[in-house]
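Visitor: Each residue of the sequence shown is one higher than the one before, counting from -14 in the numbering used here.
Provided herewith is a single structure, encoded as structure tokens, for subsequent inquiry.
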Amino acid sequence: MKENSPLSSAAFKNLATSERRFVPSSRPLVGHLPTIAITPVADGRTGAFEDNVAKTWAMVEKVHNLISRHVTLPDGTAARVVVAPEIVYGARTAAIAQEYYVKQGVSANIWVSRSWSYSDELMGAAMGLGSTEWQQAAYGLNQTDRPGAVWLKAFTAAMDEKQRPIFCIYSPDLEDENQPLSPFVSERLLRFARAAAAVAEMRGKNYLGVGGVSMGIIGSDVRRNLMQQYLGMGTVSVDMSALRGRMDRGVYDHDELDRAFRFMKKNMNLDFGKGKRPMPGADLLRECLKMTLIVRDLMVGNAKLADSAVGRAQGFKPDVETAQGCNAIAAGTQGQRQWTDLYPNFDVTESILCSSFDWNGHRAPYIVATENDSKNAIGMLAAGLLTGLPQLFADIRTNWTPESIRKATGKDVRKLCPRGIIDKRNSGAGALDYAVNAYQIAGVSPKASAQELAAAIRSSPKVQERLIAMAIKHTTYMGANLTYFPGDGLSSHYTTPGGIPMTAYRYNAVGDLLTCSVVEGETVELPREVAAHISAVTDATWPESYWTPRDMTSFEYMSRIGPNHDANSFGLIGADLIAFNAMLRIPVDMHNVPASQIFRPTMWDRFGGDDFRACEKLGPLYV
């Protein structure tokens, strides 16, 4: 059939009578792969253009290779990089680039030039319908032959005047075109590309709320407009009766359940608790694993649930609609109390899905927030997309100063944690990767970036096997505290090792404004007797991560962070999160990131660097 030719009546009849089926996709979530364009620009005057062609394309090649090699999604899929069909030097060549970019589904663009060009006239390459949502950056070469700074400043000024935010990349030192990109330029290009890919990956996908508000926690109130206007995401709500219904009717892959049960029984340390419990340990474990499979299926779908042969063999009624899932890139489970007063809690579901592995081996983590805290899920999603690493959901349980630790235990820990610690103890749902020091296991320096850690793990099956084995060894699933969870459950208990760089973050809703807090720090390994005391007076069945912020006291963090939950990522990723939030026009209300690392569009400088004023002027990205 020729392009744009109308469908015949017969074709429509075939569509109307065709049987509905589950259509497989190349990735678990359906959506266009984040695509970053590189637009070379140059002076169009005869002679000047020819002088710049070869060296301009050489710049493009360096940028293309850098992003192609280092910017990936959590599952290891590389972001797409496309290049303009020709160097843009005027209105018509700009339109040619725009036409190509629209067909390619571009979501971000990096302008590249070593010389002067007619900057304002080239914007046709980014003026098409919908391109106001594209993320824009410009890289101008710092050298003396035909200085790219002249074009760069003229171009960013044009973008500022048009209120089109653009990130400016310019080396503080003169560059040698015969050498690789400088570390400064490479860092800025990758920070932009990572954040732009994250913005594009979440757009058009959904947040799945399994249940409603948990125990009156405001974070559980899924704000549909905030999701859509700030993140470009939809929302789907599934009552928890749907989960119970699938469990009772056996609508899950029974073979996978058996495989998961055998894996957990053989490999995991299991302590089902003492005394009278609501159900036998084996039944409890199987029930928790059913919940895990079903929440995953609700998120991303499962073709087996539409397969008649599988349904007949396993005893459930196949259904195409049930198999589809919600195309959810993040989710949350309500749990307390309407569910957990009667049934097992979601600690197994959340801890396993949020980890980088399960009974099927190493894989990309899912994002599942405890107590349906959608605002925490937003942060986990952002950090997960930026790093490719699992995220740790936590309660901001207790602030311990060195003095309070000394009074409680007699131990002086001032040298270990002079600014105090936060006990990030969650009700059993912590990702199992935080039971170990992933940097040590991967053989990566703790000074390396989070992305380097993720790449080291992703590229080595041996490292993956070692990480899985060590995480299992250091985790014990313990019977739930029946005071909190009368329906029982299994909590993932472990203690996060000390010395791990870790960034805490939290999204906050203030009316119709979304803000973000970002604080870098590191985990602390307390003396055994101190940790034992804190566990004994808190809850020894839950995972514990002791963390101290950089350049602020733990009390200041506790005082200034918004709600009772935060989330955490391996690595110091504050600068990445700040750039990401600037793209979405979400102001950062608190951070401790060094000024030299902050990377925002040039338009922020026109507002004196005031994040709130710039974001207020622009409004959310998708409004």
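Backbone N, C-alpha and C fix where the C-beta goes; we use that ideal spot for every residue, glycine too.
Can you list the alpha helix (DSSP H) stretches of 4 or more residues lying completely in the region 257 to 299, in chain order?
Guide: Here the runs fully enclosed are 266 to 285, 293 to 299.
Visitor: Compute the beta-carbon to beta-carbon distance between L374 and A435, rounded to the nearest angstrom, for a pair I have assumed lies under 8 Å.
Guide: Indeed, because the Cβ distance is near 6 Å, the residues count as touching under 8 Å.
Visitor: Counting contacts by CB-CB distance shorter than 8 Å, is F592 in contact with chain D?
Guide: Structure shown: chain D not included; a single protein chain is present.
Visitor: Based on the DSSP secondary-structure assignment, which residues constitute the bridge partners of G507?
Guide: According to the sequence provided, residue 507 is Glu. The question's Gly does not apply to it. Paired residues: P486, T533.
Visitor: For I21, which three-state DSSP category applies?
Guide: Strand.
Visitor: Using DSSP with H/G/I as helix, E/B as strand and the rest coil, what is K190?
Guide: Looking at K190 - three-state DSSP - the assignment turns out to be coil, as it is neither helix nor strand.
Visitor: Please state the DSSP three-state secondary structure of W385.
Guide: DSSP places W385 in strand when its eight states are reduced to three.
Visitor: Nearest to D304 by CA position, among A298, N312, A288, D105, is which residue?
Guide: When only C-alpha atoms are compared, the closest one is A288.
Visitor: Assuming contact is defined by CB atoms lying nearer than 8 Å, are G204 and H550 in contact in what I supplied?
Guide: Against a cut-off of 8 Å, the Cβ pair of H550 and G204 comes out as a contact.
Visitor: Less than 7 Å between C-beta atoms, sequence neighbours within five positions excluded: which residues of the same chain meet that for C153?
Guide: These residues qualify, in order along the chain: A123, L137, T141, T587.
Visitor: With a threshold of 16 other CB atoms inside 10 Å of the CB of L270, please say whether the residue is buried or exposed.
Guide: Classification of L270: buried, given that the 10 Å Cβ count is 16 or more.
Visitor: On the DSSP letters alone, give me the boundaries of the beta strand (DSSP E) that G376 sits inside.
Guide: Note on residue identity: the sequence assigns Gln, not Gly, to residue 376. Where Q376 is concerned, the enclosing beta strand (DSSP E) stretches over 376 to 380.
Visitor: Using the three-state DSSP reduction, which class does H347 fall into: helix, strand or coil?
Guide: Strand, per DSSP.
Visitor: Using the rule of at least 16 other Cβ atoms within 10 Å of the residue's Cβ for burial, across every protein chain shown, is Q164 buried or exposed?
Guide: Its Cβ having fewer than 16 others within 10 Å, Q164 is exposed.
Visitor: May I ask you to verify whether the region 207 to 218 touches the region 492 to 499, counting CB pairs closer than 8 Å and requiring at least 3?
Guide: Verdict: yes, contact present.
Visitor: Check V195 in the structure and name its three-state DSSP category.
Guide: It is a strand residue.
Visitor: Counting only the same chain and skipping the five closest in sequence on each side, list residues whose C-beta sits under 8 Å from that of W42.
Guide: Result list for W42: P25, I72, in chain order.
Visitor: Compute the Euclidean distance between the alpha carbons of T488 and E46, then round it to the nearest angstrom.
Guide: Going by the C-alpha atoms only, they are around 33 Å apart.
Visitor: Between the alpha carbons of V515 and R404, how many angstroms are there, rounded?
Guide: So the alpha carbons of these two residues sit roughly 16 Å apart.
Visitor: Give me, in chain order, the residues of the same chain whose beta-carbon lies closer than 6 Å to that of I337; leave out the 5 immediate sequence neighbours on both sides.
Guide: So the list reads T277, D343, once near-sequence residues are dropped.
Visitor: To the nearest angstrom, how far is the alpha carbon of W532 from that of K40?
Guide: Between W532 and K40, the C-alpha separation is close to 48 Å.
Visitor: Assuming Y462 contacts L255 under a Cβ cut-off of 8 Å, what Cβ separation, rounded to an integer in Å, is found between them?
Guide: Yes, they are in contact, since the Cβ atoms of Y462 and L255 sit about 5 Å apart, within 8 Å.
Visitor: Among P431, A181, G474, whose alpha-carbon lies nearest the alpha-carbon of T508?
Guide: The candidate whose alpha carbon is nearest that of T508 is P431.
Visitor: Please report the residue range of the beta strand (DSSP E) in which G125 lies.
Guide: 120 to 125 is the extent of the beta strand (DSSP E) around G125.
Visitor: Look up H49 in the DSSP assignment and say whether it is helix, strand or coil.
Guide: If DSSP states are grouped into helix, strand and coil, H49 belongs with the helices.
Visitor: Determine whether the beta carbon atoms of G217 and Y607 lie at a separation below 8 Å.
Guide: In contact: G217 and Y607 (Cβ atoms closer than 8 Å).
Visitor: Output the distance between the C-alpha atoms of K251 and A456, rounded to the nearest integer angstrom.
Guide: Distance between the alpha carbons of K251 and A456: 14 Å.
Visitor: Please classify R99: does DSSP put it in a helix, a strand, or coil?
Guide: R99 falls in the coil class under three-state DSSP.
Visitor: With 16 as the cutoff for other CB atoms within 10 Å, does A362 come out buried or exposed?
Guide: Buried is the call here.
Visitor: For E388, does the count of other Cβ atoms within 10 angstroms reach 16, so buried, or fall short, so exposed?
Guide: Classification of E388: exposed, given that the 10 Å Cβ count is below 16.
Visitor: Kindly indicate which three-state DSSP category S476 falls into: helix, strand or coil?
Guide: Strand.
Visitor: If you count every other CB in all the chains shown that lies within 10 Å of the CB of N(-1), and 16 or more means buried, which is it?
Guide: With fewer than 16 Cβ atoms within 10 Å of its Cβ, N(-1) is classed as exposed.
Visitor: Thinking A69 and A134 are a contact (beta carbons under 8 Å), I'd like their distance in whole angstroms, please.
Guide: The pair is not a contact, with the Cβ atoms about 22 Å apart (cut-off 8 Å).
Visitor: Consult DSSP for M455 and reduce its assignment to one of helix, strand or coil.
Guide: If DSSP states are grouped into helix, strand and coil, M455 belongs with the helices.
Visitor: So what's S340 in DSSP terms, helix, strand or just coil?
Guide: Three-state result, S340: coil.
Visitor: When you compare only the Cα positions, how much space is there between I406 and G219?
Guide: Using only the alpha carbons, I get a separation of about 37 Å.
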